[in-house]
Every structure is written in C-alpha cells, then in structure tokens.
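To start, the structure itself, in structure tokens.
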Amino acid sequence: MSHFLLLLAVTSALCRHGVGQRSHAQNSIKVMISEGCVALGEAADADAGGNELSLSPGAPLVLTHHIRLVPSSPDSGPVSGSCDCVSDLDSLRERVERLERELSALRQKCGDPEANGGCTSRESKGAGCSVSPDPVSPVSLCPSDCSDQGRCVDGKCVCFSGFRGSDCSEETCSPPCGQRGRCMDGQCVCEPGFSGADCSMASCDCGGRGVCVDAQCVCDSGFTGESCAELACPRGCSQRGRCVDGVCVCDSGFSGADCGTGGCSSDCGQRGRCVQGKCVCQSGFTGDECERCGEGYGGKNCDMANHTVMEEDQTVMSSVEQLRTIDLTQSSVSVVWTQPRVQYESYGLVFTSQKDGSQVQAQVPGPLSSFRQTGLAPAQTYSITVTGATGDSRGAPSSTSFTTLPAPPSDLRVVKTSSSSAVIQWEPSPSAIDRYRLSVSPGDGTEGRGQDLTFDPGTSSAHITQLRAGLRYDITLVAESGQSHSAPLTTHATPGPTNALVPALTLQRSDSDKLPFENNLRNTKQPESIVPKLNITKKVFENGGPGESQRLDGIFSESDFKVTVLGEGSEVLSRLQKLVISTGPEPPSDLRFSHVTDNSVTVSWTRPQSMVSGFKLTYTHTEEGEPVSVALDQGNSSIDLARLAPGSSYEVSVMSVLGLDESDEISKTLHTLPDPPTDLRAVNVSHAGALLLWRPSLTNVEKYTIVYGSGTGSEVRVSVSGNSAQKELSNLQPSTSYSVTISSERRGRESREDRTSFTTTSTSTLTTTESVSLGARNLRASHVTPRTAMLSWKPPSRPVIGYKLTYHTEGHKQEVSLGATVTQLNLTRLIPGEEYTAQLQTEGEEVLSTSFTTGSLRFPFPADCSEEQLNGLSVSGLVDIYPMGRKGAALSVWCDMDTDGGGWTVFQRRQDGSVDFFRSWREYVQGFGEPAGEFWLGLEALHNLTTRGSMMLRVDLRDRQDTVFAQYSTFEVSKRNYRLTVGGYSGTAGDSMSYHSGRIFTTKDRDPASFITRCAMSYRGGWWYKNCHEANLNGLYGTNSKHQGVIWMSWKGKETSIPFTEMKMRPTDYLPNTNNRA
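All residue numbers for the sequence shown refer to the numbering used here, where the first residue is 5 and numbers rise by one.
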C-alpha cells in the first residue's frame, strides 16, 4: 500500500483576451476526484463520486489529496469491485503533470499572482496592469523584510553575502561545506573524518603518536595501527613471530627482540620442529636434521621398534621441579630447574612484570635445565612460569617469582676531607628505591670503628664524621628497595693529618705492649724540663691502669716531636715504643660577621701569630647547598661573600694553610636577612585614600611592616601577612604628601626598606565638577584587590535609559550594559597587577573615565591550590587555577585550606550519590560534576597537575563519625593511557592504592589491557583497575554487594560502600605556613 499527498494551489487570474486588456469574466477550474477505486465504463457518469469547484478570479485554492494505492496481486484474477491501480496511477500522474503545465503557462503569461495581483513584473497594477506601482506599495514587500540580511528587489530578496533563502534567513558558509559538513553560525561543522574551513580535508586522530597524511596516520617510531594506538615491534618481528603489546612472540625456532635469531638449516625433514635454531625430532628420529632413526627404531619411517614388546608410556605430563632463580642483577636473572621424568622436547618460559603486566617469552630445548634472561627492568617484581612441551602436548606449569635488583647509584667520589671527616657525593639511582646505605670501615681491619649509615632516596651527598687522621677508610654505597639492594659502589677516603686548634696527639698501644696505659695519665714526680738550646720540652706521664690512648695538650704547632712510650708494671718493663710526629699550622681565631644583607656579608677573622701561607674559607647552605671553598693568601683577614640566598643559614669555616698542611677549622653560623619587597607604589589615589602595591619577597616571610606619614611626626605603623601584596590606606588628609616605607620580616630578622611617596587629591576639584555636571559623574574605583574592584558613580540629574560600562587592560576588554538605576558594579576575575581603564557612557553624555591598578600577588596565575594559599587564601572554596600558566585556560577547582595545613587541590569527591560515575572515557578525560559537590576533575587535568613537579596524594574517607586517611608521598598520572604511579604510604586507612600503581585508566568503553574480567564493566566505574581492585572510589554509590560499591578494602573491605571520599593533591615539598593564615 502506498500513500501520496497532492497539493494544488490555484490562484491565477484569467488570461488576457486582447492586447493590453484582461477579461474579467469569471471562469472556473473543475477538478474531479474519485472517492474510491471505481471502474468507470464508457457510459458511466463522469461526475459520479467527484466534486466540482468554481473559483473567483484571484481566489486561492489549496487542494489536499490522500491517494491510497493497493497493488494488485499478479497471481489473482479479475475481482468484481476492484480495478487496475497501476493504470489508475499512470492516469493520475498524467492529469497532475498536465495541470502543472497549465499553471506554469499561466504564471509565465499572466505574472505571479502572489507578487503583483496577477500582473507581470513589467507591468504594475490596475485594469490591464497599466499603472506603475507605488515604490512603497505593500505588494512590493519581500518575505520577512529579507530578515535584515538582504535587499528587496521587485518583491524578491537579494541576499547579502553569507545568507540565502527566499527570506535570506539561512546562513551560508564561505567556502561552502559541501557534502561533508553543515553550516552553523557561519562556520562549517564537519562530519567525522573531515576537517578544514570547507570540510574538504580528510582527517584522522593519531593520538599524538603520529601525523595525519591523506586521511591516514603515519605513526611515530615505536607505534603502529590505524590510530597509532598499538605498540610496534622492532623490524616487524622479522616476519618470524607476532607482535603483542610491543613485544615479539617468536615462532618456533626463532628468538631475540626481533625474532631474528635462530632458524634451522632445513625444515628438519618434516620429522621434527625447529627450536632455538636446532631440530627437536619426533619420536623414532635423531640427528641434526632428524635424518636417521633413533636407537631402538628402524624401518622406512623409523616406526618399527627393535624390541619385541613396547611398553606403553603411562608417565603423566608433569611439571619441572625445584624451579629457582640465581645470579640476580638489575637487568638479568638465571632460571634453573630439575628435569622431570618426562623428557620434553622444549620448555616455554614466560616472564611477567607485576608492575605493568608486560611479558617476555623464551623457549629452550628440552635437554637444557637453565636459562638466563636479560633486558629486564631494575627494581621490578617478575613471575616466571616454566612449561614443558612435546609436540602439541603441554605439561603442568611451574612458577616462582623474583625481584630484580635496583639500579646502583653512580660516580661515587670524595669531594672534601678534614682531619676527622669526609664529604662524599654520588649520582642518584634511576630506580625507585627506599633508601641508600653507606658503609664506612677502616682499611686496617680495626673492629668496632666502622659506620653503617642510611639516607633518604633524594639524598646525593653525605658528611662522614668521627674519622681518624691518616687512616684509609673503605666506603661502600648501595641502593636498597625492600629487602634487595643494588650492586655496591666503592671508593676510599683518607682524612688529612692532625690539625690542632690545640695541638694534640693520640697514641695507640702496640701488640708487644705487656701492660697497657689508660686515658687519664697522671704527671709523674719528674717535673717538666726544658733544654733551651735544642728547644726541647720533656713531659713524663704515668697511668694508673689499662688504657689505649692519650691526648697531649699544650704542645706547639708547626713542630716536630719525638714520643716514647714505655709500659711499666710490678718489676716488669715493656719494650720501648717510639714515634716522631709533626703538628700542623696554627688556626685563625675570632671569626665574625659584619655588613650582613639579604645576599652578602663580610667575614673577618684574626690571623695566627705563627707563619702561614694562606687561608681557606668554606661556606655551605645548611639545607640545600654544597660546600663552596675560597683560597686566600696570608695577608688577608677578611672577605666579602656575595650572591647568597636571602633568609637562609650558612655554616662558615676558616682554616690556616701552610704548604699542603691545614689547621683545624673555626666555624660559625651565618643568617642572611630576608629580601625586601620591591616596586612599592601608590595607585588609585583619592582625596582620602590610596592603594599600596608591591612585588612580594622571593623568600617566604612572616609579615610586612608598613610605615607611612605626612612628615609631621604622625607616622602610622601597620603589619600585614607575608602573603599579601597590597594594602589600602584610608582616612588620609586631602592635598597632603605622604611618604611610605615597607620591609619584610622572617624569624625576627628585618629586611632593608623600600620606599615611595604620593600626594592625595583636593576635594575642591570634585565639588566643582559635581556642581556643573548634569550627567553621570564621579566615576571611581574602590575596594580594589588583585582580582576584584568596585566601580561606583553618581547618577545624572535627568532620567536615562541605561549605561554602557567598559573596562579593559592590555589584551583584555569587557563591556557591560546596565540599567538606569544601577550606580555601582563589582568587577571580578580581573588580572592581578594590571592597570585597568574604565569608561561609563550614557546617551548624549560625555564618556566618564577612571583608572585603577589591581593588587599584585606572589602567584598571579596560581598553578594549584598551594600557590593560591601562598597568595593569602585561607578559606576553603572554589578557585580558578592555571596549570598550564597564563596562556592556558583557567580551571575551576575546590581548594581545601583546612586539612593538614591546607593547600590541597581536590580532584574527586563522593558524598551523596547525586552524580553518576559510570561514565565514558571521554567524560573521565574531560571531567564531570561540580567541584562544590560530587565531581571528577578530569584525567587530563590530573596529568597536567602531577607533571609540574613532585606531588603527594591524600585520600580522606568518612563513614558517619569514623574518619581515616591515606597519604602517599609519590603521585603521578602520565599522558599515555593516564598510567598511575603512587607510593610511599602513611596514614590510618591502610594502603589500598599501591596495588593499583603502574596500571592504566580504564572505563566501560575503553579497556586497552583488559584481564579475563572487564573490570570497568563489572565494577561499574572508571579506575586504574588491576584484576580488579583493592580500591574503587569511583564505583557505584551506596552499593554494598558484589564489590561494586565505593571501596577501600584495607579499611571497610569489599562489601561496604564508603559514604564520603575525597581525593586531593599538593606538592611534596610544600610546607604550609600557618602564620600566614588569615
């Protein structure tokens, strides 16, 4: 059955019968419409079942026809009451076409009835169409006045460029979008797969891993596939294997990273398989190419056993035994096992990384029972599975696990030694480690004098103390991760000779001593004797018991001494022990500092009385610097140090130098002043107030002190937070000059001052201006902050329709239309530290203008909430941050300024189930929800935030009154598949997040590395799933079954959905300054 809708519009006037004259006789148009499918014979009444309509001249007629066609069955014969609808349709089509031709002829001959009442375009109106039309006659108007997008010409719209249609209401694009897009707001919106201004360019999404050329991705090295989303294998696996996640799985007989190693010289005669370049023969065959029968077999096909009876092999396909690993390094391991009773043809080995699931496969011949795998990643845990194979049969697998050693540090070196200490440095290990362990042991094998020190992973130097002068020490450094450690790195250090501030000597007893001496030797009865000619001083000491050393005080510097030790007992004397020693140069004294500033100081000391060849000064930043040494000649007793860090502490030491000998050092701690604020200036100056702006100190300071006055002794001193960069002054006197100074303060030390001056305006000018103006007046800015300002004005004395207010700074302009009753407007989202010009205009009045400068901030475009807290924000709430800097887009986030000192950027919250978290990949990348409620900030934002620097993660969990948290010192989301790196747990919730470290993010519609279970689909969320989860904070809210809820397993298990979760981050090295909290 088919339906047709026929519309007939009959509005033409009668055609003219003579030249220049039209007939006004009334004619009619008769349309016959059959009511049904009726067979009409020759004698039938032509009017039966139809209607006849007579139309007046110019009267419109619209006929709507519903035509029902019932196809005749080709198998059915003639049936009474039916007709041939096919022939009816042909007849109807002919009548319609004839009618359309008649209407077309009428329009051409008599003109458009809709446009000029039946007259042609060359005539106008009236009898005979002989009167010229009025230019503004309604009959010449165009539809919708051409929508103001065209000109009306003879009743038709001539559209302007960019528009089309009978009324010019349709926008067009230039160039046209063709068949590959649609035009919206003057621009082409292209269909998927096309781009460009006219949608003529074929496009393709190569995911940032290739370039689109002729609608096809040309992938970067290491990637393949239509969208370059697959990891490529080296050399395409040499056509000898298949590529799985960037790793070649080689065909039988081949190995290597590109399957380029191996292969047999023949096909093993079709009597065996090629494994690792060697033929593994079928039963009954042997030889290098399986070319002969094995022992006990014969016949043409080696299938006849030489034994009369062959025993049936009932051996079970068992696994290998005693699988273990040996010779473990940072990148390799040897796997050994015991052969089972079954002799397998080959063994398959699979190494699986527990960090990212990547696999390395290898195959070894059956006679072997060991294999060494190289190319592994350091400090990673792998599982190894060994499975025997014979033909298509596989034995039971056997598995174990191991962890590769962490990569060792490098370039261990000694950078400084003194008489009792040494400073060493090294290049950090590239692996993620837990600590460094440093072992120091004396080279002479002396027991009890070694040291075992540990250092944090971020350390790259160590200061070893309590060493003995002149003794060589063996120093060993290893990186440790868990219970494993890297290969050792070794060096040696020998402290310099004894340098005495008070020259001293330590004596060790020898093995031949029959009676040791103790530390507290007493002066004997023999007094000190001096031989002036030889300049010899003789002292005798006596001990009262066992001992091993003696310190000699009061001996001269730069002198040679002969020491004799004799052990004496009851009627027993030891053998004499003799030693000749030389003392070092005399040290300087009275170390002092003067002219201390934020970046310089003068260091002075008193030279020793004895001769020295020079001095050595060393200064070291107590927190983050390395020692810096300066050599000076003997005539110097002071030095100016510059380019120091403001607000910092330094350890400064000075020692005397005589040739190659050094004295003991004298040392003292220096504290530099904080750096001052700079660029102090006064803006928005009025008759009673002004706004002070300055550039904050680079150092974290506790407060700024501002002193201002008019020079009459009425100075005012105020203090503001160390996070501030502005201060509004009020209650000033008009027409008065003020001077202002500002300084910073840190730990009780005040910086030098910066200063400026300004003069307030007079009130007389304002009064005069107001008295003569009838329009809006007194446009001024007040309450100016770094991001807001209040504009106010006095209304005109006469009524106005409204105002137009514009305000702009370089590169940014805003325009606002305001009602007639508005007299002030609060401007928001301004740029800190910028000068703005505001203009207010009413109809027929002059433009009012004023200028103001927004306050400065330490971080005008904060990258995260920690920088916004340093800007002075102390209350939690919504904030615009700029992770990509000033040129990047603003990102609205929730800042937590209360938890653990504040500065946290919140990126996830669950609290009431109002937001569905079972979402698509695109939604998780872009983010969803509202930061003030339930929301997910977005994976792209997480990547941008965590790659700016080292970030830490905090997870806050709450169930009614029960609250816990988990904190991680390492947190990063990479760009590719948004892979998670998290570690360094502390807190009260238990560690459920480290399990997911190394995993990529997956959603219901994107799971590139799915396990047997598609975790995102099964547990109804988007997460870093790992077969599948110990934490699932994006699961189904309020669902306490099937592990599908909001889960933190180490706290509530997998069957309890947690009502409140909040995930947040801040820089690892961030130290909130609670003194700056407003």
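Backbone N, C-alpha and C fix where the C-beta goes; we use that ideal spot for every residue, glycine too.
{"Asked": "DSSP-derived helix/strand/coil call for HIS691", "Found": "coil"}
{"Asked": "Given SER485 as reference, the closest of PRO382, PRO401, SER878 and GLU293 once Cα atoms are compared", "Found": "PRO382"}
{"Asked": "Sub-8 Å separation of THR764 and HIS691 beta-carbons", "Found": "yes"}
{"Asked": "Distance between beta carbons of PRO836 and SER896, contact taken as under 8 Å", "Found": "At roughly 17 Å, the Cβ-Cβ gap does not stay under 8 Å, so SER896 and PRO836 are not in contact."}
{"Asked": "CB of THR760 within 8 Å of CB of ALA686, strictly", "Found": "yes"}
{"Asked": "Assigned exposure category for PRO180 - 16 Cβ within 10 Å defines buried", "Found": "exposed"}
{"Asked": "Contact under 8 Å by Cβ, TRP698 with VAL658", "Found": "no"}
{"Asked": "Proximal residues to ASP460 (C-beta, below 7 Å), its chain only, five neighbours per side dropped", "Found": "ARG439"}
{"Asked": "Close Cβ partners of VAL879 (< 7 Å) along its chain, the five nearest in sequence each way excluded", "Found": "MET901"}
{"Asked": "GLY655 versus GLU669, SER973, THR469 and LEU662, residue with shortest Cα-Cα distance", "Found": "Note that residue 655 is Glu in the sequence shown, not Gly. For GLU655, the nearest C-alpha among the options comes from GLU669."}
{"Asked": "Residues bridged to HIS467 (per DSSP)", "Found": "VAL427"}
{"Asked": "Best match in MET188, ASP152 and VAL744 for proximity to CYS172 [C-alpha to C-alpha]", "Found": "ASP152"}
{"Asked": "Length of the line joining the Cα atoms of CYS630 and ALA466", "Found": "Reading the sequence as shown, one finds Glu at residue 630 and not Cys. Cα to Cα, GLU630 sits roughly 10 Å from ALA466."}
{"Asked": "Pairwise C-alpha distance: THR1006 and ALA393", "Found": "36 Å"}
{"Asked": "Length-filtered (3 minimum) beta strand (DSSP E) runs lying within the segment 1045 to 1079", "Found": "1064 to 1071"}
{"Asked": "VAL83 to ARG105 span [Cα, whole Å]", "Found": "Model confidence at VAL83 stands at a pLDDT of 43, short of 50, so the residue's coordinates are unreliable; what they give is reported in the following sentence. Cα to Cα, VAL83 sits roughly 36 Å from ARG105."}
{"Asked": "Closest by C-alpha distance to TYR840, when choosing among VAL162, ALA785 and THR825", "Found": "ALA785"}
{"Asked": "Terminal residues of the alpha helix (DSSP H) in which GLN947 lies", "Found": "Before going further, note that residue 947 is His rather than Gln in the sequence given. Looking at the DSSP string, the run of the alpha helix (DSSP H) that includes HIS947 is 943 to 950."}
{"Asked": "Terminal residues of the beta strand (DSSP E) in which ARG239 lies", "Found": "Per DSSP, ARG239 belongs to no beta strand (DSSP E) and is neither H nor E."}
{"Asked": "Local Cβ density within 10 Å of LYS582, reported as buried at 16 or more and exposed below that", "Found": "exposed"}
{"Asked": "Of the listed residues SER821, VAL826, ILE437 and TYR712, nearest to GLN334 (C-alpha basis)", "Found": "ILE437"}
{"Asked": "Whole beta strand (DSSP E) elements within the segment 387 to 461, 3-residue minimum", "Found": "402 to 407, 414 to 421, 426 to 431, 439 to 446 and 455 to 459"}
{"Asked": "From SER747, PRO344, GLY379 and GLN191, residue whose alpha carbon lies closest to that of THR682", "Found": "SER747"}
{"Asked": "Simplified DSSP state of ASN981, which is helix, strand or coil", "Found": "helix"}
{"Asked": "Closest by C-alpha distance to ARG472, when choosing among SER445, VAL482 and THR494", "Found": "SER445"}
{"Asked": "SER775, DSSP secondary structure in three states", "Found": "Legend: pLDDT at SER775 = 44, less than 50; position of this residue unreliable, value from coordinates given subsequently. If DSSP states are grouped into helix, strand and coil, SER775 belongs with the helices."}
{"Asked": "Paired residues, beta bridge with HIS599 - DSSP", "Found": "According to DSSP, HIS599 bridges with nothing at all."}
{"Asked": "Residue range of the alpha helix (DSSP H) that includes MET1021", "Found": "1019 to 1023"}
{"Asked": "ASP1009 vs SER924 beta-carbon contact at 8 Å", "Found": "yes"}
{"Asked": "Boundaries of the alpha helix (DSSP H) in which CYS869 is found, first to last residue", "Found": "869 to 874"}
{"Asked": "Cα-Cα separation between VAL222 and GLU234, rounded to whole angstroms", "Found": "13 Å"}
{"Asked": "Own chain partners of ARG186 with C-beta closer than 6 Å, once the 5 adjacent residues on each side are dropped", "Found": "VAL193"}
{"Asked": "CA nearest to the CA of ARG721, picked from ILE710, LYS731 and ASN727", "Found": "ILE710"}
{"Asked": "Continuous beta strand (DSSP E) stretch holding ARG958: start and end", "Found": "955 to 963"}
{"Asked": "Stretch pair the segment 1065 to 1074 + the segment 939 to 958: three plus CB contacts closer than 8 Å", "Found": "yes"}
{"Asked": "Beta strand (DSSP E) segment containing GLN828, residue limits", "Found": "828 to 831"}
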